[in-house]
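Asker: My questions all concern the structure below.
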Amino acid sequence: INGEVEVCTDKVSKDLKADDVILINSNKGHATLAKKPNSIAMVLHIDPGFFKNHYEKLEYLYFDCCSNNETKYAIEFRLIRAYLSEMILNCNAQTLEQKLLFESAFYALLHTIVSYYPPKEILSTTLMHSNKRIKTIEKMIKYIDKNYMKTITLNDLAEVSHYNRNYISQLFKTNLAINFYDYLTRIRLREATLELGRSDKNISEIALTNGFSDIKAFNKIFKASFEKTPTEYRKQLNDDITKNDISFKKEFLPFNDENVNKKLMQYIARK
191 INGEVEVCTD
201 KVSKDLKADD
211 VILINSNKGH
221 ATLAKKPNSI
231 AMVLHIDPGF
241 FKNHYEKLEY
251 LYFDCCSNNE
261 TKYAIEFRLI
271 RAYLSEMILN
281 CNAQTLEQKL
291 LFESAFYALL
301 HTIVSYYPPK
311 EILSTTLMHS
321 NKRIKTIEKM
331 IKYIDKNYMK
341 TITLNDLAEV
351 SHYNRNYISQ
361 LFKTNLAINF
371 YDYLTRIRLR
381 EATLELGRSD
391 KNISEIALTN
401 GFSDIKAFNK
411 IFKASFEKTP
421 TEYRKQLNDD
431 ITKNDISFKK
441 EFLPFNDENV
451 NKKLMQYIAR
461 K
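Okay, so the sequence shown: first residue is 191 according to this note's numbering, each after it adds one.
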């Protein structure tokens, strides 16, 4: 909706800007990082089990759907944005009319996806190896999420996953399109960025409590990612817009956010 978000998944890294759309398959690892202050995204999680009654061997299928500068305003992506917007605006449905609008938007969204981007088939041997890799990556990602504020090495992950460090390094690169240290840095940046907006800690303290060796290293990496220093970034944050759900370490917008609702209505009008 606003800003810029980097998405790393399935061997590629993409920078998504306003109005871009991406579909991430349930059997694919991914990492995201907001690259600008007040970056806002609509996110919908669809239970893969929903499709089980419609597709045989669902586990062998995947969707290939991602917009770019040339396609983001094509009819299919206009429809996807519009139906997502209708779902969000009616997700707290109180009346029968609102509930029907929500459900009709959901089914229209799925119809759009499968019509324009019908699922493709994965070879069974590829899937078997893929599932094994994903489970290994998920195990390591959980370890990183729990220990990012500490020193973490490939040897630590080798001990956790019971694979050698060279294989682990290859897993990150081939599945997330970034190496282990880049992924770890993104997690630390994500957490440090949240603290810049939700705490009164000084920059040095934020750097150290989120795993950076010192403030110099933090400033260098932060500026390389956001093209501004942590101090400059903090000044741009608007704390009044967002409310933080600390238990999930994500920020969610209230349903009555005027600016967001205005954008959602524009999406609906343009379908």
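Idealized CB from N, CA, C, for every residue including glycine.
Can you tell me which of the three DSSP states K452 falls into?
Answerer: Of the three classes helix, strand and coil, the one that applies to K452 here is helix, per DSSP.
Asker: Going straight from the alpha carbon of D346 to that of Q288, what length do you get?
Answerer: Roughly 51 Å separates the two Cα atoms.
Asker: Where DSSP assigns a beta bridge to T419, which residues make up the other side?
Answerer: T419 pairs with nothing; no bridge assigned.
Asker: Does the stretch 249-257 come close enough to the stretch 276-283 to have 3 or more Cβ pairs within less than 8 Å?
Answerer: Flag = no, the stretch 249-257 and the stretch 276-283 do not touch.
Asker: Just how far apart, CA to CA, sit F416 and K225?
Answerer: Cα-Cα distance, rounded: 5 Å.
Asker: Starting from the Cα of F267, find the closest Cα among S229, I331, V195, H301 and give me that residue.
Answerer: When each option's Cα is compared against that of F267, the closest is H301.
Asker: Output the distance between the C-alpha atoms of L361 and L398, rounded to the nearest integer angstrom.
Answerer: Computed Cα separation, rounded: 28 Å.
Asker: Can you have a look at E385 and say buried or exposed, based on whether 16 or more other CB atoms are within 10 angstroms of its CB?
Answerer: So E385 ends up on the buried side.
Asker: List the residues that DSSP assigns as beta-bridge partners of L251.
Answerer: DSSP output for L251 lists E311 as bridge partner(s).
Asker: For F296, which residues in the same chain have their Cβ closer than 8 Å to its Cβ, ignoring the five residues on either side in sequence?
Answerer: Only Y273, M277 meet the Cβ criterion.
Asker: Among A221, E196, K461, which has the Cα closest to the Cα of E328?
Answerer: When each option's Cα is compared against that of E328, the closest is A221.
Asker: By the three-class DSSP mapping on this structure, what secondary structure does N337 have?
Answerer: Helix.
Asker: Could you spell out where the alpha helix (DSSP H) holding T375 opens and where it closes?
Answerer: Note, T375: alpha helix (DSSP H), 370-388.
Asker: Applying the 10 Å Cβ sphere with the 16-neighbour rule, what's the burial state of L374?
Answerer: Burial call: buried.
Asker: So, for K218: in the same chain, excluding its five sequence neighbours on each side, which residues have a beta-carbon less than 7 Å away from its beta-carbon?
Answerer: Within the same chain, K218 has close Cβ partners T199, D200.
Asker: Quick check: the Cα distance between Y263 and S257, rounded to an integer number of angstroms?
Answerer: Cα to Cα, the separation comes out at about 9 Å.
Asker: Going along the chain, which residues of its own chain have a beta-carbon closer than 7 Å to the beta-carbon of R355, five neighbours each way excluded?
Answerer: Closer than 7 Å at the Cβ level, and outside the excluded window around R355, lie L344, N345, A348.
Asker: Under 8 Å, do I270 and L299 count as touching if we go by C-beta distance?
Answerer: Their beta carbons are under 8 Å apart, which means I270 touches L299 by this criterion.
Asker: Buried or exposed for S229, please, with buried defined as at least 16 other CB atoms from any protein chain shown within 10 angstroms of its CB.
Answerer: Per the 10 Å Cβ criterion, buried.
Asker: Looking at C-alpha atoms only, which residue of Y306, T383, S351 is the closest neighbour of K325?
Answerer: Nearest C-alpha to K325: S351.
Asker: Between the C-alpha atoms of I212 and R323, what's the straight-line distance to the nearest angstrom?
Answerer: When rounded, the distance between both Cα atoms is 22 Å.
Asker: Quick one: what's N356 bridged to in DSSP?
Answerer: Beta-bridge pairing links N356 to no other residue.
Asker: Can you name, in chain order, every residue of its own chain whose Cβ lies under 7 Å from the Cβ of L317, other than the five neighbours on each side?
Answerer: For L317, the predicted model reports a pLDDT of 48, less than 50, meaning its position is unreliable; a value from the coordinates is still stated below. These residues qualify, in order along the chain: E249, Y250.
Asker: Thinking D335 and I377 are a contact (beta carbons under 8 Å), I'd like their distance in whole angstroms, please.
Answerer: Yes, they are in contact, since the Cβ atoms of D335 and I377 sit about 7 Å apart, within 8 Å.
Asker: Beta-carbon separation of Y338 and G401 under 8 Å?
Answerer: Taking 8 Å as the Cβ cut-off, Y338 and G401 qualify as a contacting pair.
Asker: Work out the CA separation of L366 and I358 for me, nearest whole Å.
Answerer: Spanning the two alpha carbons is a distance of roughly 12 Å.
Asker: Look at the Cβ atom of A382, then the Cβ atom of I396, and state whether they are nearer than 8 Å.
Answerer: In this structure, I396 lies closer than 8 Å to A382 by Cβ.
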